[in-house]
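In my numbering, the protein residues as written are 101 to 1068.
What follows is one structure encoded as structure tokens, with my remarks underneath.
Shown next as structure tokens:
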């Protein structure tokens, strides 16, 4: 094995890696030298810069040292401690809990893993050695006893003394470097990247506003620019004059500035039009490109059928003549395009003579009418990347098929070759990122504009309360992974609220607290002994730096009706920022609705542990409550994940904006646009429109408009009552809600009972799967115990219902015997035909995915159309995927008149998610052209899950919301 080389930054040495070198130097030839960065050089093309990666590599090449454990369990434990050292022990927020956890683990151990020294010991010891908090604990003799013993034991060993003596450790630098690493998430190292020599680019098209998908691309490029001390080029891809708008260029530059991204150079693809055109003519002259006037639809069909164009073998002279016609923009030239001559028989459609140039008689924003031909993005991109010195072109995985074409163009022209690095695009549930689709929302007036808070644009999410830092860190945390996943918006909002950047949260500790009451439910409370006065209290109870605010007190205050409904006479209630008050009298109208209350001050009583905490506002002429409109938004798209061929317009949520008129804290009149606050017991809000006093022109005041900022939690923040009362109410609601609006079942009682038994049987089966899955994943004991408890409860309920023990594979008698035999036969026949259509549809899709011969595809399509015609004749309806006849027709099955039992149960949701997830697996395998046996196994598992789902809730699986309600 060749000699390895470890370069060490003497100002911030990687102690863990240096300790590993000391322990493997007898087995591995490795040199250590000082430099500016911490890098392990394995070969010319392979380097490691992450300390944990260096540790793992050294341990794996020096197996006799045994630093990576002796079995899989020890491997896993070591990985845990490596991550632990880089997270808990390296963050000032979690250091205390981390050191206590470490102390507990070392209480009966000499080493962290197994009975000998491992990477876990090296890495954790090195982290503590460079940690200021740990050094302070040692100095003050407050270090946990077991950690102190373990640390001293290792420090006394020769290898640790050697490293500690030779390399000075700056605790401050070590801590800052560690936290900076956490700040940017996990990124894959760029192959062949050299410090100071990396050049990346961000090439948006000036045809719309930047959305967070673009933001991910921009921030990934910026990450590599900063970390390799390289260069970031921002290039406007203006190859299509039809789409380019100068207004959007300004907008995009502003969006980039909002993200705090500072490119080193600004360019346009149009800067290189002359050069690109010369390269195109070079390809023509070398016989590597030809001009084609085949109509677009015919050309598309020929590509699909791998048929060569009639012009493919034209002589070079004719191609040049036709090219001149294109450049002139003549009538004939406009019917032509320039195509690369690559391989029409290739399995990669992008290699079947792609278009390089097309004719467009339209002025360009920058070049005017100088050109009548414009290059395609696929042709211009590799040329401009090469010319501008781009070393690494970052692209999403959806461009993977075009990589081969990218490199062909580079090689055909003989120009410098950039390296393509792929990462996954950002997919968010209930969201469309297509500019065309977003433009439709704007044009239809369904949103306020491109900065609408429901839009995924950079401006939209910032207007809704996303902080720039929160957005940057969410995207940075995704790193440069290639794994394609669909993410919930909850995650990005949770980052915004809870993210710690260098030990400072983004929103929570700096947002001042205010009060707002729902105006239509305000109830007066009379407190005769109270004095009308003002006191200053902290805007934030835990952060005095936020400042003070005035709070007015008076003999009459207002509270919300929802709070009043929880009170009883004689109860003691805590009025926040005032103290305890006793409710002496509750007044109700004839309908039993509370109209007012009397209360008595009990401020001497400081016991707030078991009291109901409420918000309130005083009635005083010195500070009137101001009108406030609180706005909350829902998703614009009701379906989490849209299928490739699904029309997004069918899933538009036209009631996604909700407004509530509130009585607001008088202090809210001072808010400015963009201020972030917390309305107590309601959540965080951003000021979208400041309050304006009465206008002399309209004689009206303009309310303060506040937009609710999601915090990543699916549960709502309590708005009334104590914790105990809220919990009781929630339990009542959960118990009654699923059945509250269900219509009466149309079957007789016996049938209904039988149906209940079958549903209960399936719930037991699914809950059993849940328990097994938790155990297999080695979930926390409390989670497993809770699942087992629920399983036993379901089994007991099943026994009580049926009079027999639950036995796997022995379900209760089937239901539905009241349905007539003729009707049943008709349903079964329609269902069978539906399944045949679905199966044939799969056959057609599979043939197309495999690029089968056109004749074979046509035959399969004809069969599919014939089956669809039979289905329509039989049922009187068009075939619709996901809507089998049994679940469509209320006449076909009496049970359809009532909502399927079990549809809203946790078991149904879990199984629904399993089916959806397995469907994604199947689609991904097909997209990646995986081996047939892998696809077949995945499809088989999908069908089994669908069968379980149908058995559990009584209807076919449809791509619907997890609550069981069909997406409309």
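Every residue, glycine too, gets a C-beta built ideally from N, C-alpha and C.
Legend entry - the region 327-335 / the region 499-510 touching (three or more Cβ pairs under 8 angstroms): no
Inset, instruction - Taking 9 angstroms as the cut-off, decide whether the C-beta atoms of residue 309 and residue 551 are in contact. - result: yes
Legend entry - Bridge partners - residue 701, DSSP secondary structure assignment: 681
Inset, instruction - Evaluate residue 634 with the Cβ neighbour count: other Cβ atoms within 10 Å of its Cβ, from every protein chain shown; 16 or more gives buried, anything less gives exposed. - result: exposed
Inset, instruction - Using a threshold of 9 angstroms, state whether the C-beta atoms of residue 490 and residue 356 are closer than that. - result: no
Legend entry - Beta-bridge pairing of residue 635 - partner residues as DSSP gives them: 651
Inset, instruction - Please report how far the alpha carbon of residue 244 lies from the alpha carbon of residue 255, in whole angstroms. - result: 16 angstroms
Legend entry - For residue 395: DSSP bridge partner residues: DSSP output for residue 395 lists no bridge partner at all.
Legend entry - DSSP three-state assignment for residue 1097, whether helix, strand or coil: Given that the chain is displayed from residue 101 to residue 1068, the structure contains no residue 1097 and the question cannot be resolved.
Legend entry - residue 533 beta carbon less than 9 angstroms from that of residue 615: no
Inset, instruction - Figure out for me which residue from 667, 467, 1032, 862 has the closest Cα to the Cα of residue 714. - result: 667
Inset, instruction - State the Cα-Cα distance for the pair residue 103 and residue 125, rounded to the nearest angstrom. - result: 11 angstroms
Legend entry - Per-residue burial, residue 835 [other beta carbons within 10 Å of its own, 16 or more giving buried]: Because the pLDDT at residue 835 is just 34, under 50, the model does not fix this residue reliably, and the value given afterwards should be weighed accordingly. That one is exposed.
Inset, instruction - Please report the residue range of the beta strand (DSSP E) in which residue 456 lies. - result: 455-459
Inset, instruction - Check whether the region 154-174 touches the region 205-222, counting contact only when three or more Cβ pairs, one atom from each stretch, lie closer than 8 angstroms. - result: yes
Inset, instruction - Go through its chain and collect everything with a Cβ distance to residue 700's Cβ below 6 angstroms, but skip five positions before and after it. - result: 682, 684
Inset, instruction - Quick one: give me the first and last residue of the beta strand (DSSP E) that residue 780 is part of. - result: Careful: residue 780 lies outside any beta strand (DSSP E) and carries neither H nor E.
Legend entry - Stretch pair the region 726-743 + the region 753-767: three plus CB contacts closer than 8 angstroms: yes
Legend entry - Secondary structure of residue 148, DSSP reduced to three states: strand
Inset, instruction - Determine the direct distance from the alpha carbon of residue 526 to that of residue 708, and round the result to whole angstroms. - result: 46 angstroms
Legend entry - DSSP-derived helix/strand/coil call for residue 436: coil
Inset, instruction - Output yes or no for whether 9 angstroms exceeds the beta carbon distance between residue 765 and residue 729. - result: no
Inset, instruction - Identify which residue in 513, 228, 346 has its Cα closest to the Cα of residue 375. - result: 513
Inset, instruction - Identify whether residue 336 lies in helix, strand or coil by the three-state DSSP scheme. - result: strand
Legend entry - Cutoff 8 angstroms; reference residue 593; Cβ partners in own chain excluding five residues on either side: 566, 809, 810, 811, 812
Inset, instruction - Please report how far the alpha carbon of residue 710 lies from the alpha carbon of residue 637, in whole angstroms. - result: 23 angstroms
Inset, instruction - Between the Cα of residue 516 and those of 1042, 538, 487, 588, spot the shortest distance and give me the residue it belongs to. - result: 487
Legend entry - Neighbourhood of residue 493 by C-beta distance below 6 angstroms, restricted to the same chain and skipping five residues each side: 485, 518, 520
Inset, instruction - Rank 391, 110, 293 by C-alpha distance to the C-alpha of residue 453 and give the top, closest one. - result: 391
Inset, instruction - Would you kindly check if the distance between the Cβ of residue 679 and the Cβ of residue 706 is under 9 angstroms? - result: yes
Legend entry - CA-to-CA distance, residue 427 to residue 463, given in whole angstroms: 14 angstroms
Inset, instruction - Would you tell me roughly how many angstroms separate the C-alpha atoms of residue 993 and residue 1015, rounded to the nearest one? - result: Reliability of the predicted coordinates at residue 993 is poor, the pLDDT of 38 falling under 50, and the value obtained from them is presented with this limitation in mind. Looking at the two C-alpha atoms, the distance is approximately 25 angstroms.
Inset, instruction - Pair every Cβ in the region 640-660 with every Cβ in the region 623-632, then say whether three or more of these pairs are closer than 8 angstroms. - result: yes
Inset, instruction - At 3 residues or longer, and completely inside the region 451-531: list those beta strand (DSSP E) runs for me, N to C. - result: 455-459, 473-475, 492-496, 519-523
Legend entry - Contact check, residue 359 vs residue 591, beta carbons under 9 angstroms: no
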